[in-house]
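One line per chain: the protein sequences are A and B, in this order. Using my numbering, you'd call the opening residue of the first sequence number -6 and step up by one each time. Using my numbering, you'd call the opening residue of the second sequence number 11 and step up by one each time. The C-beta atom is built at its ideal place from N, Cα and C for all residues, glycine as well. Computed from a predicted model, the values in this text were never measured in an experiment.
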Amino acid sequence: MFKRMLAAAAMILALVAPAVAQTDAEWQKVVEAAKKEGKLVFYTASIGSPFYKEVVRSFEAKYGIRVEALEARASEIRERVRIEQAAGRFIADLHHNGATTTWLMQQDGAFQPHGGIPNARNVMPPYEADEIRVPSDVTSFVILVNRAMVKAADEPKSWKDLNDPKWTGKMLADDTRALGGGAVFFAVTYDAFGKEYHEKLAAQKPVFSRDLRNNERRTARGEYPIYFPFVLAYYTQIKSLPVKVVIPQEGRLYVRFDLAVLKNAPHPNAARLFMNHFLEIESQLVYANAGYSPVVKDVVERTSEDMRPFLATKAMGTTVPQRQNEMLDLAKQLYK
Amino acid sequence: MEQAALQRRAGVAVDAGGLRRRLAVGVGGLFRGGRPLGLVVLIAALGFLSLYPMGMLFYGSLHSAPPGLSGEYNLDGYAALATSENLIVLANTVGISFVKTSLSLALAILLAWIVARTDTPARGTLEVLITLPFFIPPILTATAWGMLGNAQVGTINLAWRWLTGLEAPIIDVFSYGGVIWHMMQYSTPFIFLFVVDAFRAMDPALEESSRMSRATRSQTFWRITFVLMLPVTTSAFILSFIRGIEAFESPVFFGTPVGIEVLTTKIYALINHQSQPQYQSATALGFAVMVLMFLLVTWQWRLLGGRSFTTVTGKGYSPNVTQLGWKRWITFAICIAFFVATVALPVGQLLLSSFFQFFGFYQLDMLTLEHYRGVWNNREFWSAFANTMLLGVCGASATMVLGAIVAYVTTRTRWQGRRLIDVLAWLPWMMPGMVLGIGFLWGFAMLPSGIPIYGTLWALLLAYIALGTPVAVRVTSSAYAQISNDIEECSRVHGASWWQTLWRILVALAWPAFAVGWVLTFFGIMRELSASILLYSPGSEVLSVVMLKMWTGGKPEEVSVIGLFMLVLVLVFRWVQLRLIKTRISTL
Chain A
-6 MFKRMLAAAA MILALVAPAV AQTDAEWQKV VEAAKKEGKL VFYTASIGSP
44 FYKEVVRSFE AKYGIRVEAL EARASEIRER VRIEQAAGRF IADLHHNGAT
94 TTWLMQQDGA FQPHGGIPNA RNVMPPYEAD EIRVPSDVTS FVILVNRAMV
144 KAADEPKSWK DLNDPKWTGK MLADDTRALG GGAVFFAVTY DAFGKEYHEK
194 LAAQKPVFSR DLRNNERRTA RGEYPIYFPF VLAYYTQIKS LPVKVVIPQE
244 GRLYVRFDLA VLKNAPHPNA ARLFMNHFLE IESQLVYANA GYSPVVKDVV
294 ERTSEDMRPF LATKAMGTTV PQRQNEMLDL AKQLYK
Chain B
11 MEQAALQRRA GVAVDAGGLR RRLAVGVGGL FRGGRPLGLV VLIAALGFLS
61 LYPMGMLFYG SLHSAPPGLS GEYNLDGYAA LATSENLIVL ANTVGISFVK
111 TSLSLALAIL LAWIVARTDT PARGTLEVLI TLPFFIPPIL TATAWGMLGN
161 AQVGTINLAW RWLTGLEAPI IDVFSYGGVI WHMMQYSTPF IFLFVVDAFR
211 AMDPALEESS RMSRATRSQT FWRITFVLML PVTTSAFILS FIRGIEAFES
261 PVFFGTPVGI EVLTTKIYAL INHQSQPQYQ SATALGFAVM VLMFLLVTWQ
311 WRLLGGRSFT TVTGKGYSPN VTQLGWKRWI TFAICIAFFV ATVALPVGQL
361 LLSSFFQFFG FYQLDMLTLE HYRGVWNNRE FWSAFANTML LGVCGASATM
411 VLGAIVAYVT TRTRWQGRRL IDVLAWLPWM MPGMVLGIGF LWGFAMLPSG
461 IPIYGTLWAL LLAYIALGTP VAVRVTSSAY AQISNDIEEC SRVHGASWWQ
511 TLWRILVALA WPAFAVGWVL TFFGIMRELS ASILLYSPGS EVLSVVMLKM
561 WTGGKPEEVS VIGLFMLVLV LVFRWVQLRL IKTRISTL
């Protein structure tokens, strides 16, 4: 039995090896072409993030290709791309945005096939790459508590514990009615726990604020004992404050960021090379050490000891772009 | 003596340089020799700056898809406005803006009177201090007030509980009152800047006549001073009221968490909170706001139409200063109280926080200078600072030149078409900034590729000029309205050209207002975000964009360092400005 399996594996290897070698040769041509292009224009909705900049720096150092990055909020990036393409101004090469916005832009025809990314084969489930989109990093959402105000025994263990009457009027939250972490929380927990869960949560009168970076500080200062959904990646910056991350037993919520080559990109090879570079273990480690879940295998094990336990927890779910509008409408009905 | 003073004032620009003279002759020819051509050029420039982006937005409001996408023409965007929810939002918006503008106007007039027309001690310093709040980025004061006035652990409430032993908070900034208070910190100095120079540029002869006719001080104020100030106060009121309607930071920070929704937060939600941005509804809402604003402006035109507000004539004068005696210490205390409440408290909080690792955590082991080092070593910040200074200086200067011309045409001539010019200059102020930003994006992107505006600093510069022109026009036209026609006619009789008269008489006499307009426009450019975020390109980042990046990147402490840096810059600018005014106008 074992011998037969070994033989089968050898046969598969024999078939695949030339193809890989051929791919390598072709990829080398892509690298050369990218170097000739010498420049990449990168539009990202990852506004204010230092992590993509670190990936950019290592890319520039490795390949000598200059990257010009433009940061704006998701909808602003989307509208810039749309109007530029409509006006025949094909300026940007590569787009980096949340999975929902990327999917919507794909429906608008904003992208072109990337043509193959070698490192895409390392992408691990539940994430997947296709001929247009390649996942780049994953933001997780959890619960943040004020250590001085919430005793260990009182900490919520489940997302359902947010409905405990003792938290009525004492929770700060990202808005469930707006695109972002709040909407991800609503969509996933609505599917998991049903409408009744949210009717009860609305009765808890959570205070909505979209000033995410201030919310964590407001919680730390003691304005509110609980804040949800909290972006796990922000924790590294505030861990010296009296706050604690709680990962509910059902798991983390998450939202994926995707890379996609824009239609008629002036530097398509540089875009392709950068996508591949983003999926390198070193690039993924930059994100993982900050609290973003990596999208390729063999990274979690190499992550810093601080962050590894968080990233090793299970993922509960994410939004389905096709149902986003329906979910936002539902949230508006339930949270008035 | 007085005549000499007047001669000095009128002669301010007589020694103007040759370059300026050559430029004046060249451009002035458009107005002197070919008035129609001059008007056409002016209308074309204003049309491009305001009508063109508005046209794009109007298209967006009538089309089911934004420019560049196929769709159909319909009125769905406007039809969607007629809901009871929107009526509540409208009532909230108008109510909040009306209350805050009324309170701010009253306070600003009081402060301006104290500074310009009384013998209150340290008036020069107070004038600078009172205007400071206007120049602090709103997100920073909002954060500071969030820490000072939240009901749970706000510093003021903690102090109150400690003093009284009561549990109930004394203030809660997350309320209607909080929204109004935060907006007032910007509108009071804004209106003050408008009215303080008008108080100065007022010939006291009229007031003295009133007093000699046995009118009381109060009667004189309401019947003479107040009426003469109408062009300035109504302009300031309307500008401030419109700004209140379009304010975003205060309601989103203090109102949204407690369910207070206004038009701008609604528009923001339509664009940014949906998976599919609702541009048609957002632009339709923007136009609804614009119609509302237009009615208000029309009311002002009717109010002021056909009346004379001349206070600066060919005769020399010196402003009347009321001797308050011991009461001057009360007026001094009022100014200091305003400064403490609007500057010392929030800025003190920011200054203190800037030396600690995190906002609001004042532990010795968290003392640090890393935020200052972070800003100092941030290359992106310095690049953005250089871009912003370039755009600020060029933008504010160009805006004031355009504003001075538009104000002249609309207030000092009877030319046909002047009302159209006034409307064109007003338009950008009437459209909420976040909607107008989209109009600029659509407009500039859709220009033929041979016109190199999109993706360059020019796009930002043109947007800033368009956004600043309404203020520039209001500031200068209010000042022009106080200047007698006699002086201008004198100049023309003695052979001066249209441009020479504009520059050497009107601009020279309206110099203080011109300087105020320049500062307002300059700092407006420094703070502008809605258009900047949509129009900047790699390499042309501006300060507001970098501050947004830092804020969302979790560096509010570094943003506060930049805010403090901007405050120092304001102090320098205001000092230079006041020095210049004092040097150039001896009667002050």
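Check	Outcome
Threshold first: 4 residues or longer. Then list the alpha helix (DSSP H) segments lying entirely within the stretch 145 to 191 of chain B, N to C.	148 to 159 and 165 to 174
A279 of chain B versus chain A: which residues are under 7 Å apart at the beta carbon?	A171
Around the C-beta of T243 of chain B, are 16 or more other C-beta atoms found within 10 angstroms, so that it is buried, or is it exposed?	buried
Measure the alpha-carbon distance for V289 of chain A versus D168 of chain A and round it to whole angstroms.	31 Å
State the Cα-Cα distance for the pair M309 of chain A and L137 of chain A, rounded to the nearest angstrom.	17 Å
What are the residues that DSSP puts in a beta bridge with K32 of chain A?	A:R59
Going straight from the alpha carbon of L203 of chain B to that of R338 of chain B, what length do you get?	21 Å
Among A:R265, A:F52, A:A253 and A:A65, which residue has its Cα nearest to the Cα of S42 of chain A?	A:A65
I'd like to know whether the C-beta atoms of W197 of chain B and G254 of chain B end up nearer to each other than 8 Å.	What sits at residue 197 of chain B in the sequence shown is Ser, not Trp. Yes, Cβ-Cβ distance for S197 of chain B and G254 of chain B is below 8 Å.
Which runs of the beta strand (DSSP E), 3 residues or longer, sit entirely within the stretch 411 to 444 of chain B?	none
List the residues of chain B whose Cβ lies closer than 7 Å to the Cβ of I84 of chain A, in chain order.	G465
Express the C-alpha separation of I415 of chain B and V37 of chain B in angstroms, rounding to a whole number.	Residue placement at V37 of chain B is poorly supported in this model, since its pLDDT is 46, which falls under 50; the coordinates are not used for a value here.
Can you list, in chain order, the residues of the stretch 226 to 238 of chain A whose Cβ is nearer than 8 Å to any Cβ on chain B?	Y227, Q230, I231, S233 and L234
Along the stretch 192 to 204 of chain A, what residues have a CB closer than 9 Å to any CB found in chain B?	V200, F201, S202, R203 and D204
Give me the Cα-Cα distance between W62 of chain B and S71 of chain B, rounded to the nearest whole angstrom.	Per the sequence shown, residue 62 of chain B should be read as Tyr rather than Trp. So the alpha carbons of these two residues sit roughly 14 Å apart.
Is A305 of chain A buried or exposed, if buried means 16 or more other CB atoms sit within 10 Å of its CB?	exposed
Report the three-state DSSP secondary structure of H283 of chain B (helix, strand or coil).	coil
What residues are listed by DSSP as bridge partners for N139 of chain A?	A:V236
May I ask you to list, following chain order, the residues of the stretch 559 to 576 of chain B that have a beta carbon less than 8 Å from some beta carbon of chain A?	K559, M560, W561, T562, G563, G564, K565 and P566
Report yes if the C-beta of Y227 of chain A is less than 7 Å from at least one heavy atom of the ligand ATP; otherwise report no.	This structure lacks the ligand ATP, and indeed carries no ligand of any kind.
Using a Cβ cut-off of 7 Å, pull out every chain B residue sitting near P43 of chain A, in sequence order please.	G563
Under the DSSP definition of a beta bridge, which residues are partnered with G91 of chain A?	A:F250
Measure the C-alpha to C-alpha separation of G39 of chain B and L362 of chain B and round it to an integer number of angstroms.	Low per-residue confidence applies at G39 of chain B: pLDDT is 47, beneath 50, and the placement is therefore not dependable, though the value from the model is reported in the following sentence. Rounded to whole angstroms, G39 of chain B to L362 of chain B spans 57 Å at the Cα level.
Which value, in whole angstroms, describes the spacing of the CA atoms of E47 of chain A and V279 of chain A?	8 Å
Residues in the same chain with beta-carbon distance under 7 Å from S393 of chain B, minus the five sequence neighbours each way, listed in chain order, please.	E551
Hey, could you find the ends of the alpha helix (DSSP H) A263 of chain A is sitting in?	P261 to F271
So, at 7 Å on beta carbons, what are the nonlocal neighbours of F366 of chain B in its own chain, with the 5 sequence-adjacent residues on each side left out?	Y372, M376, L377 and T378
Less than 7 Å between C-beta atoms, sequence neighbours within five positions excluded: which residues of the same chain meet that for P111 of chain A?	T16, W20 and N269
Leaving aside the five residues before and after P218 of chain A along the sequence, list all residues of the same chain whose C-beta is less than 7 Å from its C-beta, in chain order.	V138, N139, M142, V143 and K163
Would you call the stretch 118 to 128 of chain B and the stretch 178 to 194 of chain B touching, i.e. three or more CB-CB distances under 8 Å?	no
How long is the line joining the alpha carbons of T212 of chain A and V569 of chain B, rounded to whole angstroms?	20 Å
In chain A, which residues lie less than 7 Å from P267 of chain B when you measure between Cβ atoms?	V200, F201 and S202
Three-state secondary structure (DSSP) at R245 of chain A?	strand
What whole-angstrom Cβ distance do Y220 of chain A and N208 of chain A have, given they're in contact under 8 Å?	5 Å
Residue ranges of each alpha helix (DSSP H) run of no fewer than 4 residues wholly in the stretch 177 to 220 of chain A, ordered along the chain?	188 to 196 and 205 to 214
Under 8 Å Cβ to Cβ from V35 of chain B, same chain only, skipping five residues before and after it: list those, please.	At V35 of chain B, the pLDDT of 44 sits below 50, so the modelled position is not reliable; the number obtained from the coordinates is stated separately. So the qualifying residues of the chain are S507 and W509.
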